Every structure is written in structure tokens, then in C-alpha cells.
Amino acid sequence: MYRKVDADMVEALRQIVGAGNVLVGTEEMEPYTHDHVVGLRANPEVVVRVTSAGQVAEILRLARRERVPVTPRGAGYGLSGGAVPIQGGIVLSIEKMNRILEIDKKNLMVTVEPGVITGDIHRAVEAEGLFYPPDPASLDSCFIGGNIAEGAGGPRAVKYGVTKDYVCGLEAVLPSGDIITCGGKLVKNVTGYNLIQLLIGSEGTLAVVTKIILRLLPLPKVQIDLLVPYDDFEAAADTVSDIIAHRIVPTTIEFMEQDSMLAVERLLQRKVPYDDAKAQLLIQLDGNRREAVDADAEVVSELCLQHGARDVLVAQDRPTRDRLWEARRMIIESLNHESPINHMEDVVVPRAEIPVLLKGIKEIAARQAVRIISFGHAGDGNVHVNVLKDDLPEDRWEALVPVVAEETYRLTLSLGGTLTGEHGIGATRRRYLPLALDDAQIEVMRGIKAVFDPDYILNPGKIFP
Ligand SMILES: Cc1cc2nc3c(=O)[nH]c(=O)nc-3n(C[C@H](O)[C@H](O)[C@H](O)COP(=O)(O)OP(=O)(O)OC[C@H]3O[C@@H](n4cnc5c(N)ncnc54)[C@H](O)[C@@H]3O)c2cc1C
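Take my numbering: the final residue in the sequence shown is number 1909, and no numbers are missing along the way.
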């Protein structure tokens, strides 16, 4: 279906981006063969590092003319195989488009290129007393362009929403080579269809994003973090929905099982707080008035204790806060260390259904006799379900993963939830799309893809079954 990249094409790419930005050797292309999905790899035929929208446009025109697939790539921190070039062809890396172009304090907007590390945006705007809330746990590695393409979330989604809630403007290059500018430094905009929201979460299948305008908030003045250990897994799960029902909206409510804490300890080779608790909640509250945040923290602490929490550990300063969050941020690495072969789901349910979901996942683990560790953003209904191979035989593991995945999805869907809250469909979940979306919806989506990319050159093999 696609043509191979030949020597003439490599030369044409060198003319566009300069020889130093075209990689063809197996060794130098190796980092571009995978993202953070365990076990998923594919070789690109060439990697091109771009520095401008104009270069992206020329490459897409060339690729379309020659019928060669193009896989846009950010930092490769994705968890659904989106940046993996499963059809070969060109990997188009935006790693060199990494400038923060402007922090506009009058309009509370920041303009960035897509290759800026998300955490660098946080630090740059916070130095000006401003705040960009979306905070994927990978924020010190992933790029803002990847966040846009995946519709990334993070712990603060409970109160502040996710990436899509902050994007006011995008510049993007269509597969035709046309460069479009959508929106701007505008808080309101209903001019035509909302292409910004269509491109967010489109996983690099519709266009390559080359510039982003994000809305900012004033940096909250007060923050309190609570670490809450429980001797009973279900009591911790029940607390999550009860806090929300009490009309207090914390910044985050993260849920961690004991097994995930023990895995972190084994990786760090030292103890983490309350490692003997069956489950922990990590709750953050913020605001501008100390008394108001303290009052909310008191109500939340009381609710936790009413649900049987063993204790409530409070952090008001940065070093204590970092200590409380250290273990949470290390969970994914620790589980990879614990069982290098594993499988992660990213299901999301209405928040009140969190206890039912977590209990149901425990039942799946027992039924299938496999170790499953759940953790994540329980306050917004989004749970990461990690299935560990441990020492299961290869053939048992191969047969087990689709069964556990499908049982988890069916449980989630029965609760009014869906397949993925923030990691995307990508290459790994596409076969399950029809479980969540009816034929009519998938056909509309296929139609949208065909309008943007009639020759199917942009990130083929993603999203659609
Ligand atoms: C330890 C760890 C923790 C994580 N925590 C979170 C979390 O809390 N919340 C969360 O949402 N995710 C999380 N993730 C997943 C991941 O970090 C996010 O999906 C992130 O948005 C990926 O960004 P990236 O730059 O690495 O993108 P990549 O993996 O390089 O690419 C992801 C997708 O975006 C497309 N893409 C990249 N750049 C562009 C562009 N400029 N234009 C068009 N398409 C583009 C690619 O084609 C691909 O489909 C985590 C991952 C890890 C490994």
C-alpha cells in the first residue's frame, strides 16, 4: 500500500531540513522505534527532525506525493504506541521545536512550540506568578505537542480539567501541506467548527501541530497535601466518591494500592511512608486564602477518618510535599522494574463508580489468577490498571492479556465509563474501539480522517480497528 523510502527521498529530506537532521542508521534511529508501551517496536525507514512549520509542510507534501507514511513524534513517552511507526516510513520528530515563544502577562497566555517539555512550561510561567495546571506524571519528559495530540490529563484534572481545557490557539500542518491557524489568544471563539478540539486527542492522525497558545491562571497562593493510609482497600475507594459528594473539589485525589507502594520501595531500596497500609489516598487542596484551604482540608481529613483512615499526614511545605508525591510519581517505573513484561489499561468511569470499578478489578484478578495493581487519578474516575506477567509462562500471558483487557473494558462500560481517559487508543487499543463506540460514530470518525488525510499518510495504524 505504501512506497518505501528510497535514496532520492532521503536526499530530498536532507534538502528540506539539512543533512544533520536526517537519521538513517539503525543505531541512531533506535530511540525512535518505540514509546513507553512495553514490547511494542517498529523500525522507521528514516527519522527527520524539523525546526519549522514550513519544513513540516514540505515533508508532508513530499510524503503525500510519494505515498510514504509519516508518524509525528514528541518525546516518545506515550502509553498507547501512538508514536511507533508501525508502517515504517518517516518519523517526524518535533524535538527541536522547543522554544517558549512568549509569556503574555496582559492576556494570561503562553505561546510555545510543540517540543517544549511540559514541566518547563510550568516552571517558566510559575516564575511569573502564573499557572498552567495540566500535570501528566510524565511532565518532566513529555512534550506539550504530545499532550495536545493525546489530550493528556494528570492528577489536577479533578479541579482544573485537562489539556483540552487550556488550548486557545493552534498552528497545524495538514497532510496537504497547508498550514492552518485556529483560534488565538481568545478566551471565547465560536467561529465555525471547533477544529482546535478536533485536533486535541487526534493522536497525530489528522495534522502536525507546530504552535500552541495556552491559557494561564494566576498561581494559587496556598497548597496543602494530605497522605491518607487505610487498612482496608474498599474504605479508601469509598472515601473518594464521598469527598466529591460533599461538594469539596480537591485539586487531586490519587489512589494507590499497597502493592504499588511496595514495588516503589523495592526500586528505591528504602521505605516509603505507611508501606503497611492496604491503600493510600494522596489528596491536594489549593486556593488563595489560607483559612478557606485549611477549612476544606479539615473537612476532607474528617471524612477520611470517618471512612476508617488510620491517619492523615499533612504537608504544607515543598520538601514534605515532594516526599509525599515521590512514591506516586515512581509507580509506573517501579511496576516496569517489578515485572518488565506488563500491560497497562487507562479506563475511566463516572467518579461515583470508582469503588465498584476497583472492587470489580480485584475480582477479575482473582478469577484470572494474575497480579493486577490499580492506581491513578481516582478523583476524576481515571484508573490505571496494571496487569503483571511476573513468572507466568509466555503462552499463558499471551492468552491472558486480551481476556483481562476485555473483561476490564466490559466492566468499565457497564458503569458508564470508557476505554481510555488520557493515554489514547493508539496502536494498542484500536481493536477494542467497537466495544465503546457504535458503527455510526466510527464511520463519522473515518470520514473526518478521510477529509483531513485522503491518502492515509499521517500515522496509519492508529485509532481505527
Ligand atoms: C511514567 C509515565 C507517566 C505518565 N503519566 C501520564 C499522566 O499522568 N497523564 C497522561 O495523560 N499521560 C501520562 N503519560 C503518557 C504520556 O506521557 C502522554 O501521553 C504524553 O502526552 C505523551 O507526550 P509525548 O511528547 O511523549 O508524545 P509521543 O509519545 O511522542 O506521541 C504521542 C502521540 O502524539 C502524536 N504527536 C506528538 N507530537 C505531535 C505533534 N506535534 N503534532 C501531532 N501529533 C503529535 C504522536 O504521533 C503520537 O500519536 C505517562 C507516561 C509515562 C511513561
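Note that beta-carbon positions come from the ideal geometry of N, C-alpha and C, so glycine has one too. Source: prediction; values computed, not measured.
### Query
What first and last residue would you give for the alpha helix (DSSP H) that runs through residue 1747?
As a working mapping, residue 1747 is identified with position 303 in the sequence shown. Note, residue 1747: alpha helix (DSSP H), 1734 to 1750.
### Task
Please determine if the region 1522 to 1534 and the region 1483 to 1498 are in contact, where contact requires at least 3 C-beta pairs separated by less than 8 Å.
yes
### Query
DSSP on residue 1617, reduced to helix/strand/coil?
Your numbering for residue 1617 matches position 173 in the sequence shown. Strand at residue 1617.
### Spatial distance of residue 1641 from residue 1633 (CA atoms)
Translated into the one-based positions of the sequence shown, residue 1641 becomes position 197. Translated into the one-based positions of the sequence shown, residue 1633 becomes position 189. Approximately 12 Å, taken between the alpha carbons.
### Query
In whole angstroms, what is the alpha-carbon distance linking residue 1720 and residue 1802?
Translated into positions along the sequence shown, residue 1720 becomes position 276. Translated into positions along the sequence shown, residue 1802 becomes position 358. Each residue's alpha carbon lies about 19 Å from the other.
### Task
Taking 8 Å as the cut-off, decide whether the C-beta atoms of residue 1856 and residue 1791 are in contact.
Taking the sequence shown and counting its residues from 1, one reaches residue 1856 at position 412. Taking the sequence shown and counting its residues from 1, one reaches residue 1791 at position 347. Closer than 8 Å, so yes.
### Message
Quick check: does the Cβ of residue 1910 come within less than 7 Å of any heavy atom belonging to ligand 1?
### Response
Nothing in the structure corresponds to residue 1910, since the chain is present only between 1445 and 1909.
### Query
Could you give the residue range of the alpha helix (DSSP H) that holds residue 1799?
As a first step, residue 1799 is located in the sequence shown; it is residue number 355 there, counting from the start. Segment 1798 to 1812, the alpha helix (DSSP H) holding residue 1799.
### Task
Give a yes or no on whether the C-beta atoms belonging to residue 1636 and residue 1613 are separated by under 8 Å.
The residue labelled residue 1636 in the question sits at position 192 within the sequence shown. The residue labelled residue 1613 in the question sits at position 169 within the sequence shown. Contact: no.
### Query
Where do the N-terminal and C-terminal ends of the alpha helix (DSSP H) with residue 1896 fall, by residue?
In the sequence shown, counting from the first residue as 1, residue 1896 sits at position 452. Residue 1896 -> alpha helix (DSSP H) spans 1883 to 1896.
### Query
In terms of residues, what are the limits of the alpha helix (DSSP H) holding residue 1503?
Numbered from its first residue, the sequence shown carries residue 1503 at position 59. Residue 1503 -> alpha helix (DSSP H) spans 1497 to 1510.
### Message
Tell me whether residue 1686, by its Cβ, gets closer than 7 Å to a heavy atom of ligand 1.
### Response
Translated into the one-based positions of the sequence shown, residue 1686 becomes position 242. No; taking the cut-off as 7 Å, the Cβ of residue 1686 has no heavy atom of ligand 1 nearer than that.
### Residues sharing a beta bridge with residue 1537, DSSP
Residue numbering aside, residue 1537 sits at position 93 when the sequence shown is read from its first letter. DSSP lists 1493, 1517 as partners of residue 1537.
### Message
Please return the same chain residues whose Cβ sits closer than 6 Å to the Cβ of residue 1726, not counting the five positions on each side in sequence.
### Response
For the purposes of this step, residue 1726 is taken as residue 282 along the sequence shown, with counting starting at 1. Closer than 6 Å at the Cβ level, and outside the excluded window around residue 1726, lie 1671, 1698, 1772.
### Task
Check each candidate in 1694, 1715, 1767 and name the one with the smallest Cα separation from residue 1743.
Position 299 of the sequence shown, counted from the first residue, corresponds to residue 1743. Out of 1694, 1715, 1767, 1694 has the C-alpha closest to the C-alpha of residue 1743.
#### Entry: Any non-hydrogen atom of ligand 1 within 7 Å of residue 1636 CB
In the sequence shown, the residue the question calls residue 1636 occupies position 192. Every heavy atom of ligand 1 is 7 Å or more from the Cβ of residue 1636, so no.
### Task
Out of 1664, 1466, 1604, state which residue places its alpha-carbon closest to the alpha-carbon of residue 1495.
Numbered from its first residue, the sequence shown carries residue 1495 at position 51. It is 1466 whose Cα lies nearest to the Cα of residue 1495.
### Task
Ignore the nearest five residues each way along the sequence and tell me which others in residue 1625's own chain have a CB closer than 6 Å to its CB.
The residue you call residue 1625 lines up with position 181 of the sequence shown. The residues are 1615.
#### Entry: Residue of 1646, 1740, 1681 minimising C-alpha distance to residue 1690
Mapped onto the sequence shown, residue 1690 falls at position 246. Answer by Cα proximity: 1740.
### Contact check, residue 1775 vs residue 1685, beta carbons under 8 Å
Translated into positions along the sequence shown, residue 1775 becomes position 331. Translated into positions along the sequence shown, residue 1685 becomes position 241. Against a cut-off of 8 Å, the Cβ pair of residue 1685 and residue 1775 comes out as no contact.
### Message
With distance defined between alpha-carbon atoms, name the residue in 1505, 1525, 1658, 1509 nearest to residue 1569.
### Response
Position 125 of the sequence shown, counted from the first residue, corresponds to residue 1569. It is 1658.
### Query
Just how far apart, CA to CA, sit residue 1777 and residue 1519?
Residue mapping note: residue 1777 aligns to position 333 of the sequence shown, counting from 1. Residue mapping note: residue 1519 aligns to position 75 of the sequence shown, counting from 1. Each residue's Cα considered, the two are about 17 Å apart.
### Query
Is there contact between the region 1574 to 1583 and the region 1552 to 1563, where contact requires at least three CB pairs shorter than 8 Å?
yes
### Query
Among 1881, 1738, 1631, which has the Cα closest to the Cα of residue 1550?
Counting from 1 along the sequence shown, the entry for residue 1550 is found at position 106. With distances taken between Cα atoms, residue 1550 lies closest to 1631.
### Query
What do you reckon, is the C-beta of residue 1516 under 7 Å from a heavy atom of ligand 1?
Numbered from 1 along the sequence shown, position 72 holds the residue referred to as residue 1516. The answer is yes for residue 1516.
### Query
Under the three-state reduction of DSSP, which class applies to residue 1861: helix, strand or coil?
Within the sequence shown, residue 1861 is the residue found at index 417, counting from 1. Correct three-state label for residue 1861: coil.
#### Entry: Continuous beta strand (DSSP E) assignments of at least 3 residues falling wholly in the region 1628 to 1697
Runs of the beta strand (DSSP E) inside the region 1628 to 1697: 1652 to 1659, 1666 to 1674.
### Task
State the beta-bridge partners of residue 1729 as determined by DSSP.
Counted from its first residue, the sequence shown places residue 1729 at position 285. 1668.
### Task
Give the single residue among 1748, 1808, 1845, 1761 whose Cα lies nearest to the Cα of residue 1786.
Position 342 of the sequence shown, counting from 1, holds the residue named residue 1786. Checked all of 1748, 1808, 1845, 1761; the closest Cα to residue 1786 is 1845.
### Query
If we count the other Cβ atoms within 10 Å of its Cβ and call it buried at 16 or more, is residue 1650 buried or exposed?
Within the sequence shown, residue 1650 is the residue found at index 206, counting from 1. By the neighbour-count rule (16 or more Cβ atoms within 10 Å), residue 1650 is buried.
### Query
Are the beta-carbon atoms belonging to residue 1528 and residue 1584 less than 8 Å from one another?
Residue numbering aside, residue 1528 sits at position 84 when the sequence shown is read from its first letter. Residue numbering aside, residue 1584 sits at position 140 when the sequence shown is read from its first letter. No.
### Task
Return helix, strand or coil for residue 1965, following the three-state DSSP convention.
Outside the shown range of the chain (1445 to 1909) lies residue 1965, about which nothing can therefore be said.
### Task
Look up residue 1724 in the DSSP assignment and give the residues it is bridged to.
Within the sequence shown, the letter at position 280 stands for residue 1724. Answer by DSSP bridge pairing, in chain order: 1673, 1700.
### Message
Could you check if residue 1521 belongs to the surroundings of ligand 1, using beta carbon to heavy atom distance under 7 Å?
### Response
By one-based count along the sequence shown, residue 1521 stands at place 77. True, at least one ligand heavy atom lies under 7 Å from that Cβ.
#### Entry: Neighbourhood of residue 1861 by C-beta distance below 8 Å, restricted to the same chain and skipping five residues each side
Residue 1861 sits at position 417 when you count from the first residue of the sequence shown. So the qualifying residues of the chain are 1791, 1792, 1793, 1794, 1797, 1801, 1825.
### Task
Compare the C-alpha of residue 1905 against each of 1891, 1473, 1525, 1476 and name the closest.
Residue 1905 sits at position 461 when you count from the first residue of the sequence shown. Minimum Cα distance to residue 1905 is reached at 1525.
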